[in-house]
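Visitor: Handing you this structure, nothing more for now.
Structure representation (structure tokens):
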């Protein structure tokens, strides 16, 4: 009985082996996947962190493209692409041939746009043999506002000149500051404590709003020190930025043009005054004619002398300047 059981077991094992062997022999061979082709172009770094970026303010960066040393000949940059319109780059690189081992810079500009939070863009470079090199650019976008300048300097401003003009070359008494904010931002400006500065918020055009600044010359104090004011801008009741505004007030000299007659070598003294009876402190006087000897004898008084004596009728200009930045002309007729 035992021999019979062993025999049956042996036959079953043999039959199973034969069936298994036949099944394997009759099965078609499975295809072995071929390894991917080597990268013809490598882009480095593969990931670039741009850090914290201000909303709406584009930044630039550079990636490095290098052709493989294993190439047998030049490879072409067939196309460039990015996963979003926030990234633009040098389209002129398309069609450029790279020799084995040659490297080239791919400059790009990344615009974080108007959305706050994490943002990324995937750049793809396709080679002429079909291989693709990729890199990811990532950034954290913060803030929903920006101001194009944080300092406005009106320079020297005449506080009592006719037509309220400045004696400096730049006579405009108005400035415009550009404020850019997200579409849902509400802009307000906290008025400055200085009464000489007037602030007006212009009409919003798209994402941009203009802040108009005007100097009230009749309220600007005169003196040596520049007057200053601070503007606090807010967006959706959140502080957004501070704009520092400066102006330097001076009083006009009266009159702005003097005409005097100089006889021979006798010196002539001239007193310079200012509108409103303000104090005058002369700092220098100058003339194009070296024959005129000019001396400041008092804070508000100069002496002019003709070194050459009589030279016939001739008019020369003398310009005097005050410590506050004002000036006036003295036309000297020599007889």
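Residue numbers (our numbering): 9 to 343. By construction, the Cβ of each residue, glycine as well, lies at the ideal position given by its N, Cα and C atoms.
1. Take residue 313 as the anchor and find which of 273, 343, 306 and 221 has the nearest alpha-carbon.
2. Between the stretch 140–149 and the stretch 46–55, are three or more C-beta pairs nearer than 8 Å?
3. Tell me the residue span of the beta strand (DSSP E) that contains residue 303.
4. Going by DSSP, what residues sit across from residue 148 in a beta bridge?
5. What is the rounded straight-line gap between the Cα of residue 330 and the Cα of residue 267?
6. Tell me, to the nearest whole angstrom, how far the beta carbon of residue 82 is from that of residue 105; I am working on the premise that it is less than 8 Å.
7. Along the beta strand (DSSP E) that carries residue 345, what are the first and last residues, could you check?
8. So the beta strand (DSSP E) residue 336 belongs to, where does it begin and stop?
9. Skipping 5 residues on each side, what residues in its chain have a beta carbon closer than 8 Å to that of residue 250?
10. According to DSSP, simplified to helix, strand and coil, what is residue 33?
11. Can you tell me whether DSSP reads residue 179 as helix, strand or coil?
12. Taking the runs of the alpha helix (DSSP H) that are 4 residues or longer, which of them lie wholly in the stretch 65–102?
13. Using a Cβ-Cβ cut-off of 6 Å (strictly less than) and excluding sequence neighbours within five positions of residue 91, which residues of its own chain qualify?
14. Out of 253, 228 and 184, which has the shortest C-alpha to C-alpha gap to residue 219?
15. If you run the structure through DSSP and keep just helix, strand and coil, what is residue 240?
16. Please look up how many angstroms separate the CB atoms of residue 300 and residue 323, rounded, as I've assumed it's under 8 Å.
17. Quick one: give me the first and last residue of the beta strand (DSSP E) that residue 280 is part of.
18. Check the Cβ-Cβ distances between residue 133 and every residue of chain D, and say whether any is below 8 Å.
19. Going by DSSP, name the residue or residues bridged to residue 288.
20. Between residue 325 and residue 305, what straight-line distance do the alpha-carbon atoms span, to the nearest angstrom?
21. Hey, how far is the Cα of residue 339 from the Cα of residue 289?
22. Take the Cβ of residue 255 as the centre, count every other Cβ of all protein chains shown within 10 Å, and call the residue buried at 16 or more, exposed below.
23. For residue 308, which residues in the same chain have their Cβ closer than 8 Å to its Cβ, ignoring the five residues on either side in sequence?
24. How far does the beta strand (DSSP E) with residue 323 in it extend, from its first residue to its last?
25. Could you name the residues of the same chain whose beta carbon sits closer than 8 Å to that of residue 49, not counting the 5 residues immediately before and after it, in chain order?
26. With a cut-off of 8 Å on the beta carbons, I'd call residue 147 and residue 59 a contact; round off their distance for me.
Guide: This is what the structure holds:
1. Comparing Cα-Cα distances from residue 313 to each of 273, 343, 306 and 221, the minimum goes to 273.
2. Because the criterion of three Cβ pairs below 8 Å is met, the stretch 140–149 and the stretch 46–55 touch.
3. It spans 300–306 - the beta strand (DSSP E) in which residue 303 sits, taken as one unbroken run.
4. Among the bridge pairs identified by DSSP, residue 148 is matched with 60 and 126.
5. Taking the straight line from one Cα to the other gives about 19 Å.
6. Contact holds; Cβ gap of about 4 Å.
7. This structure cannot speak to residue 345, because the chain is shown only from 9 to 343.
8. For residue 336, the uninterrupted beta strand (DSSP E) segment begins and ends at 335–342.
9. Here the set comprises 158, 238, 239, 240 and 241.
10. Confidence at residue 33 is low in this model, with a pLDDT of 46, below 50, so the placement of that residue should be treated as unreliable; the coordinate-derived value is given next. Of the three classes helix, strand and coil, the one that applies to residue 33 here is helix, per DSSP.
11. Only weak support is given to the placement of residue 179: the predicted model assigns it a pLDDT of 43, under 50, and the value that follows is read from those uncertain coordinates. DSSP places residue 179 in coil when its eight states are reduced to three.
12. Here no run is fully enclosed.
13. Excluding positions up to five away in sequence, the list reads 129 and 130.
14. When C-alpha distances from residue 219 are compared across 253, 228 and 184, the shortest belongs to 184.
15. Correct three-state label for residue 240: strand.
16. Wrong, their Cβ atoms sit about 11 Å apart, outside the cutoff.
17. Unbroken run through residue 280: none, as it is neither H nor E.
18. Included in the structure is just one protein chain, with no chain D present.
19. Per DSSP, none; premise fails for residue 288.
20. Those two C-alpha atoms are separated by around 19 Å.
21. C-alpha separation (whole angstroms): 20 Å.
22. Residue 255 counts as buried, since no fewer than 16 other beta carbons sit within 10 angstroms of its beta carbon.
23. Excluding positions up to five away in sequence, the list reads 279, 280, 281, 287, 288, 289 and 290.
24. Start and end: 322–330.
25. Result list for residue 49: 73, 74, 75, 76, 83, 85, 106, 133, 135, 139 and 141, in chain order.
26. The pair is a contact, with the Cβ atoms about 7 Å apart (cut-off 8 Å).
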